[in-house]
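In terms of the working numbering, the sequence shown opens at residue 26 and continues consecutively.
For each residue, glycine too, the CB sits at the ideal point set by N, CA and C.
Given the structure is predicted, the values throughout are model-derived calculations rather than measurements.
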Amino acid sequence: MNTIRIEQLKQFIEEEPDEPFNVYALAMEYLSGRPDEARVYFDQLLAKHPDYLPTYYHAAALYAERDEREYAAELYEKGIALAQKQQNQKALQELKRAQQTFEEDDDDW
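In structure tokens form, the structure reads like this:
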């Protein structure tokens, strides 16, 4: 986690509050070291930018890791539907693979 990058991203968000990439980049920066902070920014993206496709893969994985499996499953479904709507085959395949792994892990519970 790079504190200089975090400060830069926060500044970018202040300058361009409607740009989802900056919020996504900040969430990703927090993901490895401070997942609670990452969650705040993923939730912000899901609320304010529900059509920002990259959010779904990482947000669903984060919720799955935190044993919020029902919400993780919902995010995978929404992400898959959005990828289909946007005709983004690469994201669609990645989300489907992640969902399959998630469901296989769910069978082990």
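{"Check": "What did DSSP end up calling D61 once you bin it into helix, strand or coil?", "Outcome": "helix"}
{"Check": "Give the DSSP-derived three-state secondary structure of E40 in the structure shown.", "Outcome": "helix"}
{"Check": "Would you check if the distance between the CB atom of L78 and the CB atom of G58 is smaller than 8 Å?", "Outcome": "no"}
{"Check": "Using three-state DSSP, classify H83 as helix, strand or coil.", "Outcome": "helix"}
{"Check": "Between M53 and the rest of its own chain, which residues show a CB-CB distance below 8 Å, the 5 nearest in sequence each way excluded?", "Outcome": "A63 and H83"}
{"Check": "When you compare only the Cα positions, how much space is there between T28 and V48?", "Outcome": "15 Å"}
{"Check": "Closest Cβ-Cβ distance between L56 and chain B: below 8 Å?", "Outcome": "No chain B appears in the structure shown, which is made up of a single protein chain."}
{"Check": "Closest to E44 by C-alpha separation, out of E128, L70 and E99, would be which residue?", "Outcome": "L70"}
{"Check": "Starting from the C-beta of Y66, find all residues in its chain whose C-beta is less than 6 Å away, skip the five residues before and the five after it, and write them out in chain order.", "Outcome": "V48, L51 and A52"}
{"Check": "Are there 16 or more other CB atoms within 10 angstroms of the CB of A106, so buried, or fewer, so exposed?", "Outcome": "exposed"}
{"Check": "I'd like to know whether the C-beta atoms of Y101 and Q124 end up nearer to each other than 8 Å.", "Outcome": "yes"}
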